[in-house]
Each structure stands twice: as C-alpha cells, then as structure tokens.
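In this note's numbering, each number is its position in the sequence shown, counted from 1, plus 104.
Okay, so here's the structure we're looking at.
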Amino acid sequence: MDTKLDPARDDLPLMANTSHMLVKHYVLDLDVDSESRVIEGTIVLFFGDGNRFKTQAVSSQDTIQMESEKDYTFRTTEPCHVPKMDASTFSPQMGYNECAVCGKGDQDAFDNDGNHDNRECDSEISSSKYCCDTGNHGREDFLLVLDCCDLSVLKVEEVDVAAVPGLERFTKAPKLAATPEKLRRDIVRDLVALPADAWREQFDWYARCSQAPGCGELFFDTDSWSLRIRRTGAQTAADFPHAIRIWYKTKPEGQSVTWTSDQDGRPCVYTMGSPINNRALFPCQEPPVAMSTWQATVRAAASFVVLMSGENSAKPTPLREGWMSWHYYVTMPMPASTFTIAVGSWIEVKPKTSPSDELVIEHPLLPAKADFRYAETCSHVEYPCRFQDASAATQEIIPHRVFAPLCLEGACQEALLCLVPPCLSAAHSVLGTHPFSRLDILIVPANFPSLGMARPNKEDTGHVSSSGASVVKHGLNPEKGFMQVHYLKGYFLLRFLARTLGKETYFSFLRKFVHLFHGQLILSQDFLQMLLESIPEDKRLGLTVENIICDWLECSGIPKQALREEQEAEDCKRSGLAGRVGSEVAKWIRLNRRPRKRKRGKPEAAFEKLSPDQIVLLLECLLEQKALSPQTLQRLQQTYRLQEQDAEVRHRWCELVIKHKYTRAYEQVTRFLQEDQAMGVYLYGELMVGEDARQQQLAHRCFELVKEHMDRASAQVVSEMLF
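Right, dumping it as structure tokens:
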C-alpha cells in the first residue's frame with residue numbers, strides 16, 4: 105500500500121492484521137509531560153485468537169495484502185530514555201501494587217537480567233537477510249502489524265508471563281511437556297479466557313504480568329501508518345508471543361492528541377478521535393472488530409487532573425514530590441478508538457448547596473450477589489454486564505462528575521449541573537439500562553472540534569483484506585468533519601421513521617434494540633432490518649431496507665419525505681411557540697422599514713421574551729432579509745443580549761453581522777472565532793467571500809491568533825479559505 109497519501113482525498117488505512125491475532129487487553133503505563141508535550145511509557149498487549157487463527161496458518165507474505173512490495177528494515181532497541189515509574193498504579197479500592205517499569209537504576213525491581221537496560225544494540229538488520237537466514241528453509245516469519253502513526257517506538261519485547269509466581273495455574277497444558285515459549289502462550293490464552301465473574305482477579309493478573317521481565321527483544325520497524333513486529337522462528341500467528349511490551353513516546357505533532365490551553369490559559373492535553381483515531385497515542389488495532397478491555401495508569405504533575413473513559417471514578421495517588429498517579433480500567437470490550445484521555449488543571453464542579461462527596465463515591469460494577477435473570481438476552485462476548493443486574497435496570501441517574509476550568513465553575517453550577525440528572529433520566533426512560541456505571545463530563549477547551557469523535561469508523565467502510573486490514577473511506581479528508589450533510593440526513597431519517605411509524609412504536613423499538621444488541625458492533629442495515637421486522641407487514645407503509653438505503657444513503661440531497669415533513673413544520677410555525685417567533689419577525693421587519701426618526705408620541709414596538717431556540721429561529725428568518733439597518737441590528741442585540749447567549753445563537757448573530765457589515769459588532773465576531781473555533785470555521789468563509797477588505801483583514805488577524813491552537817483539520821480548512 106502506498107503510505108504517501110493525499111489527505112485531501114485518500115482513505116484512512118487500518119493496517120492491523122486482526123484476522124490472525126486480536127488484542128484482548130491493553131495495559132498502559134504512561135507519564136504526561138506538559139512542558140515537552142510528550143506522553144511516554146509502556147503498553148503491554150495480550151493477544152487472543154484472530155478470526156482465522158484456528159483454521160489457517162498464514163505467512164507474512166499473505167498477511168498484508170494492502171502494503172507495497174518494498175523491503176522493511178527491522179531493528180532492535182534504539183538508545184532511549186525510559187521513564188522511572190515508582191509508585192502506586194492501582195486504586196486503593198482494588199488493592200493493587202505498583203506496575204513498576206524499570207529504567208537505569210531501577211533494575212532491582214525485577215530480575216537482574218538486563219531486559220530493561222537502555223543498552224546499545226545493533227540498530228538495523230536488513231529484512232531480506234532476516235527472512236532468508238533464519239533456518240526456516242526459505243519460509244518467512246509471521247509479521248504482526250499494529251496501527252501506529254507519529255510515535256517513537258523505542259523497544260519491543262516479549263513478556264515472560266511464566267515468571268509471575270502463581271500464574272502458571274491458569275494454563276491447562278502439561279507443564280513438563282511444554283516449551284517455555286508454548287507455556288507462555290498457553291498462560292496468556294487461558295488468562296484472557298477467564299470468565300466474566302473473575303474479572304477483578306483477571307485484571308490483577310494482567311497488572312502483575314505487565315510488571316514481568318522481558319524474555320527476548322523482538323525485531324520491529326515503523327512506517328507512516330503501522331508498526332511491524334517479527335520474532336525469529338515464529339512462522340505463524342500461533343507461534344508468535346501472546347504478550348508483548350512496547351516502549352514508546354508520542355510526538356508533539358501527533359494527530360491523536362491535542363496539546364493546548366484551557367479557558368484559564370493553563371496547559372492541557374486531550375485525545376481527539378479525528379482524523380486518525382488513537383494510533384498516535386498508542387500502538388493498537390484500529391479495526392472495530394478488534395474490541396478489547398484495558399487498564400491504564402497515568403502519572404502527571406500534582407496540579408493536573410487525569411480523566412479517562414474508564415468505568416471507575418479514579419482518585420489520585422500521591423507519588424514522588426509534585427506528582428500524582430491515576431488508574432482507570434474498562435471491563436467491556438470496546439474498539440481502541442473509544443479510548444479517551446484528558447489531562448489538565450480542571451476542578452470538579454459541585455452544587456453550592458451540597459458540599460458532600462456523594463457524587464464521587466466509588467460504586468462497584470456489580471453487587472456481590474448480582475441478579476443474572478437477564479443473562480439469556482445478552483448476545484455479546486462475555487463481560488460483567490450491567491444488563492444482567494436487576495438493580496442497574498432501575499437506576500435512572502448514575503453517579504456523575506462535572507469538570508471544568510476554574511473560570512467556568514460558576515457557569516457550570518448555574519447552568520449545567522441541574523441539567524445532567526434530567527438528561528440521564530430521559531436517556532434511561534427511552535433506552536433503558538445505562539451501559540456504564542458512571543459518567544464524567546468535561547468542559548473542553550475552545551479548540552475542541554465539534555465533530556471530533558464522530559469520524560466514520562466501521563468494518564466495511566472499504567475493502568477488507570484476508571489479514572483483516574481495511575480502510576475508512578475519505579477518512580483523511582479534513583473537510584469531511586465540516587460536511588454535516590450525512591449527519592443531518594441521519595437526523596432527518598430518524599425523525600421520518602418516528603413520524604411514519606409513530607413515536608410510541610419507534611421508541612419502544614429503540615429500547616428493545618439497545619437491550620438486545622448492547623456490547624456489539626451493529627451496522628445501520630442491522631438496525632433498519634430489525635426495525636422493520638418488529639412491525640407487522642401491513643403497517644410498514646411500503647418501507648424496506650433497500651428503499652430506505654436508496655432514498656437516504658445512495659441519493660444526494662434530502663429525500664422528498666423529509667422535505668414534506670419540513671413543509672409541515674413550516675405550517676406549524678403559524679401556531680404555538682413557532683407562531684410567536686413569526687409574529688416577532690414581522691415586528692422586526694416593520695421596525696427596519698420605518699424612518700430613522702420616530703414620530704413624537706408614537707410608542708416603540710414591544711418585543712416578547714424568547715427562548716434560545718426561538719432566538720435562533722428568529723435570526724435565521726432575519727438572515728433572509730436583504731438589508732437590515734445598523735439601528736435595527738443594534739436594537740436586536742440589546743433586546744436579546746445576544747453577546748451573552750449560547751454558541752448557536754451567537755453563531756447566527758455573527759452571520760447577520762458579517763452579512764450586513766455591522767462594524768460595531770466585529771469585536772463579537774472576533775470573540776466567536778477565538779472561543780468557538782470549530783463552529784467558527786464557516787464564518788471564515790463568510791468573511792472572505794464578500795470581498796470586503798476590513799472583513800478579510802479580521803479573518804486573517806483572528807486566524808493568526810488561534811492557528812497554533814486549532815486542531816489540524818480545522819486549521820487546514822481555514823488556511824485554504826484564506827490563502
């Protein structure tokens with residue numbers, strides 16, 4: 105495969121050969137350095153059987169059908185700095201000890217076998233010599249391929265899980281007859297196969313294994329999109345080590361994480377799922393079929409809070425002076441792209457009237473005696489599922505925390521905290537059991553892309569090779585994140601289905617669908633097929649999966665069904681709340697047509713108070729007017745205090761300001777472009793197309809101020825507009 109891709113048109117490659125080996129669990133042990141903008145440490149990968157593992161042994165020549173025919177240079181350890189890690193990794197509640205990883209001077213933590221030394225090794229071995237002179241009679245060794253980009257991989261080694269005392273009892277293979285290599289593979293195979301009710305013990309052993317010494321360095325090489333690993337003599341996936349440790353560090357320019365400043369101007373970093381998911385955060389298997397569990401220990405300066413998409417509400421453990429350690433884990437197998445992290449000087453926002461710590465109390469995933477009466481309805485791979493817990497089914501509001509920069513604490517207390525419980529309750533009433541036991545909400549920095557985690561990523565977005573490698577169609581096109589037609593069409597499709605089938609029928613189906621397919625990868629076709637099959641044929645109104653796909657997916661534009669619905673919505677504007685907006689629009693139009701000087705004694709127009717949604721609709725209607733006077737715009741701003749409204753309202757207001765060249769409000773456009781960077785991308789285009797020198801100067805000035813903090817895709821799209 106040509107790794108020199110044009111990001112404006114090419115597909116995002118998913119290179120991992122998941123058909124041969126699947127990651128079942130990741131253990132990450134990382135340090136976050138905000139000064140150098142680097143995350144470094146180790147990741148241990150535990151493998152299970154791939155899709156074709158038991159039926160076919162495949163050579164490396166068959167493994168990657170998408171790669172080019174060029175030779176790769178494989179190497180062993182590069183001279184590197186390995187961070188010291190010297191304090192508690194796991195939460196006190198779980199009773200775990202530190203996952204220590206030794207650098208120079210820390211060798212006493214493990215056997216003195218040199219496996220963790222930063223010694224110099226032969227840095228390059230030619231791949232052709234490596235493949236032909238291994239005693240395999242011309243047969244190549246198996247090649248493990250992981251998705252990887254913008255990472256400095258320092259060392260790869262097999263983990264000697266057999267050196268962990270007591271772990272050998274998990275393997276069913278005869279110990280005396282097994283070779284050391286086979287014994288290690290058998291131990292991992294049986295460890296990943298432990299039943300769901302033993303997950304705490306399983307995670308404890310995963311952690312112990314991640315501390316085990318290495319037992320042989322592996323040859324590896326990287327290209328633009330992958331990390332390739334070989335072990336001499338391992339000709340098939342069955343022979344390849346099933347537990348490997350990778351020492352690596354991220355790069356400041358890596359596209360999976362964004363180093364920036366929060367609203368207080370303090371440094372922070374967060375994962376950004378688009379456009380390349382998490383491959384620039386850790387080596388992984390990106391195809392969604394590779395669902396895995398994980399546990400992660402992250403160390404950062406004591407002034408920082410570490411938030412992750414884990415199931416536990418982690419609390420920090422003090423380390424050496426000025427450092428804290430945080431531990432999170434996930435027991436539900438999920439795609440690697442769902443792994444998220446945010447590190448910054450956030451504060452937990454709590455209600456003014458409730459100073460207690462009730463919201464952050466750690467709740468066990470399952471009670472000691474769980475009710476498994478729903479077990480027969482679970483069709484996913486085994487994990488400790490909340491849908492099997494009767495008490496979880498009635499839990500409308502799960503424990504939750506809200507984090508934000510200090511400057512937004514008051515706003516969150518007044519406007520956000522009160523909204524979370526009813527939102528959680530509403531989600532429960534529609535969809536049923538919450539899939540996770542808790543929720544963290546973070547107010548992200550201004551440069552967070554609005555659709556940052558919405559990049560398409562499913563198994564059949566492109567050709568899937570026999571190795572499991574595939575592509576995400578147009579995944580590298582930075583403009584795709586701002587082309588929301590597909591999201592709008594999806595929204596209107598769901599509205600169309602609810603309206604056509606009836607809300608009661610539709611929402612009842614949604615609840616059933618979630619209950620039956622939680623924990624699984626589901627395609628749109630599966631959803632539509634089940635929906636129609638749940639409705640008697642005489643009530644389907646001629647709907648089929650085929651015609652829905654044809655009308656909504658394969659054809660451009662909004663289908664005629666949605667257009668008819670929109671016409672009905674327009675009719676509804678004449679009554680109710682929308683009707684009130686219509687009458688207000690008429691008042692503003694009349695005001696705009698009046699002479700500049702009001703006649704003495706004639707009362708001014710009285711405008712009604714409107715909700716934010718109504719103000720958005722009002723401004724959209726006024727955008728259709730060819731001309732609005734500065735006096736009208738000033739009155740509009742003062743009446744609704746537009747500069748203090750939410751981003752949706754202010755976006756429409758900025759459009760009005762730009763369209764009518766209302767210079768007195770240019771400062772508010774500047775503020776919007778700085779504080780709402782993802783939403784502001786469209787406004788840059790508006791500022792440029794009018795060919796007004798002052799507006800174009802404003803666009804250039806704002807971009808210069810924020811371009812270093814913008815996410816890469818947004819900056820590229822804006823740059824193409826301006827230059």
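The beta-carbon is built from N, C-alpha and C at its ideal position, and this holds for glycine as well.
No experiment lies behind these values; they were computed from the predicted model shown.
Option in LEU597, VAL265, ALA338 and LEU322 with minimal Cα separation from ASP294: VAL265
Member of CYS522, LYS763, ILE547 and HIS804 whose CA lies at the smallest distance from the CA of LEU777: HIS804
Through-space distance from LEU258 to PRO356, alpha-carbon basis: 16 Å
Cα-Cα separation between VAL864 and GLU759, rounded to whole angstroms: The requested residue 864 is not part of the displayed model; the chain covers only 105 to 827.
Collapsed DSSP secondary structure at ARG179 in the structure displayed: At ARG179 the pLDDT is 44, less than 50, meaning the model places this residue with poor confidence and gives no usable figure here.
Reference TRP329, options GLN389, ASP133, CYS372 and SER715, closest by Cα: GLN389
Member of PRO437, ALA418 and GLU415 whose CA lies at the smallest distance from the CA of SER396: PRO437
Cβ distance (whole Å) where LYS593 is taken to contact TRP656 below 8 Å: The Cβ separation is near 6 Å, so the contact holds.
Stretch-stretch touch, CB-based, cutoff 8 Å, three pairs: the region 532–544 with the region 603–621: Pairwise C-beta distances place the region 532–544 in contact with the region 603–621, as three or more of them are shorter than 8 Å.
Inter-stretch contact at 8 Å, needing at least 3 Cβ pairs: the region 777–787 / the region 812–820: yes
Buried or exposed by the 16-neighbour rule on C-beta atoms within 10 Å, applied to GLY199: For GLY199, the pLDDT reaches just 31, beneath the cut-off of 50, and the residue's location in the model is therefore unreliable, although a value from the coordinates is still provided. The C-beta of GLY199 has fewer than 16 other C-beta atoms within 10 Å across all chains shown, which makes the residue exposed.
For GLY239, the three-state DSSP class (helix, strand or coil): Note that GLY239 scores 33 on pLDDT, short of 50, meaning its location in the model is unreliable; the coordinates nonetheless yield the value given after this. Here GLY239 sits in coil by DSSP.
Inter-residue spacing [alpha-carbon to alpha-carbon] between PHE827 and ARG615: In this structure, the straight-line span from the alpha carbon of PHE827 to that of ARG615 is close to 49 Å.
Identified DSSP bridge partners for MET412: ILE445
Delimiting residues of the alpha helix (DSSP H) encompassing SER123: Element bounds for SER123: n/a, residue is neither H nor E.
LYS454 (DSSP reduced to helix, strand or coil): coil
Buried versus exposed, by CB contacts within 10 Å (16 or more), SER138: buried
Strand pairing of THR401, partner residues [DSSP]: ASP133 and HIS431
Three-state secondary structure assigned by DSSP to SER360: coil
Same chain, Cβ closer than 7 Å to CYS806, five either side skipped, listed in chain order: THR774, LEU777 and GLN778
Cβ-Cβ separation, ARG505 to SER417 (assumed contact under 8 Å), whole Å: 7 Å
Residue of LEU149, GLU262 and PHE246 minimising C-alpha distance to PRO387: LEU149
Proximity of ALA120 and VAL292 at Cβ, strictly below 8 Å: no
Whole-angstrom distance between LEU732 and HIS764, CA atom to CA atom: 7 Å
Cβ contact check for the region 362–369 and the region 508–523: 3 or more pairs under 8 Å: yes
Residue from ARG304, ASP245 and ARG332 with nearest C-alpha to ASP251: Distance from the Cα of ASP251 is smallest, within the candidate group ARG304, ASP245 and ARG332, for ARG332.
Rounded straight-line distance, which links the Cα of GLY358 to that of ALA819: 15 Å
ASP642 classed as buried or exposed, judged by whether at least 16 other C-beta atoms fall within 10 angstroms: exposed
Buried versus exposed, by CB contacts within 10 Å (16 or more), GLU262: buried
Buried/exposed call for VAL79, threshold 16 Cβ in 10 Å: Outside the shown range of the chain (105 to 827) lies residue 79, about which nothing can therefore be said.
Buried versus exposed, by CB contacts within 10 Å (16 or more), GLN306: buried
Span of the alpha helix (DSSP H) around LYS286: 284–296
Cβ-Cβ distance between HIS346 and THR481 below 8 Å: no
Rounded Cβ spacing between THR354 and ILE652 (contact assumed at less than 8 Å): The pair is not a contact, with the Cβ atoms about 42 Å apart (cut-off 8 Å).
Close beta carbons around ALA769, own chain, < 6 Å, minus the five adjacent residues each side: VAL761
Pair within 8 Å by beta-carbon distance, ARG304 and VAL268: no
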